[in-house]
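Some notes on the structure that comes next.
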Amino acid sequence: MIRLMQEKDVDIAAEIWLDTNIAAHSFINSAYWSDHFEMVKKMLPQAEVYVYEDNKEIRGFIGLNENYIEGLFVCREFQSHSIGKQLIDFAKTVRRELILRVYRKNTRAVKFYQREQFEIIQTGIDEDTNEEEYSMLWKDIKTEVL
Numbered sequence: 118m119i120r121l122m123q124e125k126d127v128d129i130a131a132e133i134w135l136d137t138n139i140a141a142h143s144f145i146n147s148a149y150w151s152d153h154f155e156m157v158k159k160m161l162p163q164a165e166v167y168v169y170e171d172n173k174e175i176r177g178f179i180g181l182n183e184n185y186i187e188g189l190f191v192c193r194e195f196q197s198h199s200i201g202k203q204l205i206d207f208a209k210t211v212r213r214e215l216i217l218r219v220y221r222k223n224t225r226a227v228k229f230y231q232r233e234q235f236e237i238i239q240t241g242i243d244e245d246t247n248e249e250e251y252s253m254l255w256k257d258i259k260t261e262v263l
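Next comes the structure, spelled out in structure tokens:
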């Protein structure tokens, strides 16, 4: 089930955020993520976040800021179980266009987003990490005016 995040979900969402960032971004020092952990915990309740819950356990979440996907995170042990796809599909039902940034070296995520019809529209450098990243875009072509 996908639902809006509640205050009681913040701690587990923040842990998922930290764990998956460290695992997915081995090319970035883990201290970078640890140093941002408390800030993320404070920001999560203020954001539009949807969680994927299974058997009353949070397995993943997606954060939206208007049309921008702030992040998509799935517990490592539940990755490749369609949770990320379900969260993206949900976001596509509440937005007509989605944009995100992803590190170029995070090839698993890049391929995932490409499978979900996101296209690379720009490359750049993340100023915080000095890592190359892609901006990717998805548009609901069914609602585009011809």
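The number in our numbering is simply the position in the sequence shown, starting from 1, with 117 added.
Glycine included, C-beta positions come from ideal geometry on N, C-alpha and C.
Inter-segment contact for the region 201-218 and the region 175-182 is present: three or more beta-carbon pairs are separated by less than 8 Å. If you compare the alpha carbons of Tyr220, Arg176 and His153 with that of Lys202, the shortest gap goes to Arg176. Here the alpha carbon of Gly241 sits roughly 5 Å from the alpha carbon of Glu250.
The beta carbon of Ser252 sits closer than 8 Å to those of Ile216, Leu217, Arg218, Ile237, Ile238, Gln239, Thr240 and Gly241, all from its chain and outside the five residues before and after it, given in chain order.
Under the three-state reduction of DSSP, Asp171 is assigned to strand. Taking every protein chain shown into account, the CB of Ile145 has 16 or more other CB atoms within 10 angstroms, so this residue is buried.
In this structure, Gln234 sits near Trp255, with a CB-CB distance shorter than 7 Å. Taken atom to atom, the span from the alpha-carbon of Ile258 to that of Asp206 is near 14 Å.
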